[in-house]
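Protein chains in written order, with the numbering used here: chain Z, 1 to 409; chain U, 1001 to 1409.
Ideal Cβ positions, reconstructed from N, Cα and C, are used throughout, including at glycine.
Since this is a predicted model, take the numbers as computed values, not measurements.
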């Protein structure tokens, strides 16, 4: 098991004060799935009338939990819903036994809460390939159900952590003509994403009244430009899960076209996505890669991810080296259209390279000063068209190697 | 500039004895392009009657040298050919000035050797984005031409090194019905491939008599399963170049269908390709990834490269951790077809996982013993079809981070 390291230097100062979301209650406890002396299971219960939506890993080897959530997420029901999450064991690549564990947990939660099992959603994160000791979890369900509280979200954020160095939360309050709507979410993850201990899990709740179809539309769209635009190490988890539930308890009706609501929801997604990058394994720099001028948006995304995933770009950033040549290399290898002589590259607002060469006015000290910042922006204009994309990443450091190579799982 | 590190632990014991190839002579010297006190330019001269073939980086931002070689390589000529290579400066992303440097060097070599400039091929490797001081190279061409020797290939292999920790050479001697044919080659490169100091350059020579078209057919085919199947860090150089020349001086005629010749040529390619991996930046393990049972060969290659390029797989290998879960993760993210319950994974000949879970007979000590070897084979069967592929890579270590982050370029 990877050693838990000290709090990321890019972490926010403290966990934010999250507003209670009417219609959702949380509980967490110590089930001893793998860790001793810390909370490792959380239960969230959404009242009747809630709608559930989600997005999931596209991995071909996804876990039993993900397959089960995907099978259930499209169901319409007025009966409410439950989310139960454990850390310490991912229940991934555990064969048919993994499906049995999911079923056992869902049945127990259904029995205790009175919900149908197809309204119970599970996630597991932690070591893979080891049988999930689900008895330890089912043994705690009654205790969890007995202490559900609208204020339990911060403890829930703690319970789902694995190699995370800080709990992640974000919220927005939106004033609409019909009243006030609240949104609060939690996330865990410190890679994009290691299957061992760093799967990305995200749970977001709102008291807005919205149809399942409209909320799913918003969730899919916003996910594409937030969580789908972050990368720590280009590795994709077998368990990545984002669930978003709306209780309707505010009585304030919104749709996919309610701009203020969509904007607030995106702010919560983006805040949590950035916090995952800030907790990237070994990260010392938070990096924004903006690509403009590509032939189309897809090409821009391809270039941006090639830059963000390049080990040579990421190690240069770790070394505070304004090595624009490695950015050129990454663009060249991406496979998307580019022309050396039309590129321009800026570190922050410093023009570094243009017209196929280093900019005549550029001085190395300018680039070096940019690279010393904890937050770095690489702006690349491809010079071909109108396509654009932004992705976020972190640097590649000795810390990443230590977390992933020096300690045996 | 990256600090030159100690000789790779995976290096061969010594530079091999390479046979002289009739019709090719070599010279090298100290031009002081960037390095002091070492040879940094080499000239190879092929006699009239030689044919030249090659393959090049597919980078969209390739260097002026590559573009120039690509424009010339298809030309038929009986006039012989020259190859001139410098280390210390890659002449990449140097705008129009880069093209001027290539032209100046080609003209000087043409003038001194009596060749047409379109029979002069150049490569440059080293720092990018800095103007190539080509005057230092052209000033040495007469000296180089004056000391050409059939025995100069080892010095040539030394002259083209940058971050390489050892010079790379390989050869084969083939007895054919018509007589004996010799093949000898040299290479440099220690990433796949950093643009700063680790571009991959390969020069292979034979005294076989073969048409340009037939040799190009063989070179392209063999390259696809040798140099196109190695990866150190997934990064692609702007300057990768492989040139293969046949002098015909043996008088032994071969074609693309001469099996013994093709086999020997492939052995030289493969040997050099593996040496590049063995000199991968920070490498401590030489890793062979065999994928079988994929839906088709392209899918097998996609899976194999996803495994070989995964930072989490590579750090697990560095840590001697038999972490088969990370192999499952890499297969899942590759995008090629896979089914968790049909996979089987072997470390060497130890069956680790099958039917969606760890093998019932597998014991962790068996996997751990495999991982302690300096050469590791990962055998993955996808269980879907007949597609197969093999790629070679190395581990991802603190050494890689040190070379690429700790020293400023």
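When rounded, the separation of the alpha-carbon atoms in residue 32 of chain Z and residue 138 of chain Z is 12 Å.
Using a CB distance below 7 Å, the part of the stretch 1295 to 1315 of chain U facing chain Z consists of 1310, 1311, 1312, 1315, ordered along the chain.
In the structure shown, residue 1108 of chain U falls within a helical segment according to DSSP collapsed to helix, strand and coil.
In the DSSP annotation of this structure, the continuous segment of the beta strand (DSSP E) that includes residue 1292 of chain U starts and ends at 1286 to 1294.
Under DSSP, the beta-bridge partners assigned to residue 1346 of chain U are U:1351, U:1379. Taking a beta-carbon distance threshold of 8 Å, residue 1406 of chain U counts as an interface residue toward chain Z. Interface residue (Cβ-Cβ distance to chain Z less than 8 Å): residue 1392 of chain U is not classified as such. Distance between residue 82 of chain Z and residue 1363 of chain U, taken at the CA atoms: about 38 Å. Close to chain Z, meaning a Cβ-Cβ distance shorter than 9 Å, are the following residues of the stretch 1327 to 1346 of chain U: 1328, 1329, 1330, 1331, 1332, 1333, 1334, 1335, 1336, 1337, 1338, 1339, 1340, 1341, 1343. Using beta-carbon distances, residue 56 of chain Z does not count as an interface residue toward chain U, since no partner is under 8 Å. Uninterrupted alpha helix (DSSP H) stretches at least 4 residues long and entirely within the stretch 9 to 79 of chain Z occur at 64 to 72, given in chain order. The stretch 324 to 341 of chain Z and the stretch 1006 to 1021 of chain U do not touch, with fewer than 3 CB-CB distances between them shorter than 8 Å. Residues 300, 303, 304, 380, 382, 388, 389 of the same chain have their beta carbon placed closer than 7 Å to that of residue 291 of chain Z, with the five preceding and five following residues left out of the count.
Taking one beta carbon from each stretch, the stretch 1275 to 1293 of chain U and the stretch 1358 to 1378 of chain U have 3 or more pairs nearer than 8 Å; the two touch. Sequence-ordered contacts of the stretch 1115 to 1133 of chain U with chain Z read 1128, 1129 [C-beta pairs closer than 7 Å]. Within the stretch 95 to 142 of chain Z, complete beta strand (DSSP E) segments of at least 3 residues are found at 120 to 127, given in chain order.
The beta carbons of residue 100 of chain Z and residue 126 of chain Z sit no closer together than 8 Å.
When the alpha-carbon of residue 1070 of chain U is set against those of U:1203, U:1121, U:1353, the nearest one is in U:1121.
With a threshold of 8 Å between beta carbons, residue 398 of chain Z makes contact with chain U. With respect to the 8 Å criterion, residue 188 of chain Z and residue 162 of chain Z are classified as neighbours on the basis of their beta carbons. Interface flag for residue 318 of chain Z against chain U is set, since a Cβ pair is found closer than 8 Å.
Rounded to the nearest angstrom, the Cβ distance from residue 1092 of chain U to residue 1063 of chain U is 4 Å, consistent with a contact under 8 Å. Only exposed fits residue 37 of chain Z, as fewer than 16 other CB atoms lie within 10 angstroms of its CB. Under DSSP, residue 175 of chain Z forms a beta bridge with Z:180.
Among the residues of chain U, those whose CB is under 9 Å from the CB of residue 60 of chain Z are 1331, 1332, 1333, 1334, 1335, 1336, 1337, 1338, 1339, 1340, following chain order. Residue nearest to residue 1342 of chain U within the set Z:61, Z:41, Z:46, Z:6 is Z:61 (criterion: CA-CA distance).
At a cut-off of 8 Å, the C-beta of residue 1356 of chain U has a neighbouring C-beta in chain Z. Spatial neighbours of residue 1297 of chain U in its own chain (CB-CB distance under 8 Å, excluding positions within 5 residues in sequence) are listed in chain order as 1387, 1388, 1389. Residue 1205 of chain U and residue 1247 of chain U have their C-alpha atoms roughly 8 Å apart. Residues of the same chain with a CB within less than 7 Å of the CB of residue 1181 of chain U, apart from the 5 flanking positions on each side, are 1174, 1206, 1207, 1208, 1250, 1252, 1254, 1261 in chain order. Taken atom to atom, the span from the alpha-carbon of residue 132 of chain Z to that of residue 146 of chain Z is near 24 Å. Contact holds between the stretch 1042 to 1053 of chain U and the stretch 1212 to 1229 of chain U, because three or more Cβ pairs, one in each stretch, are under 8 Å apart. In the DSSP assignment, residue 241 of chain Z forms a beta bridge with Z:56, Z:201. Nearest to residue 95 of chain Z by C-alpha distance, out of Z:14, Z:218, Z:67, is Z:67. Beyond the five residues adjoining it in sequence on each side, residue 172 of chain Z comes within less than 7 Å, by CB distance, of 183, 264, 267, 268 in the same chain, given in chain order. Bridge partners of residue 394 of chain Z according to DSSP: Z:286.
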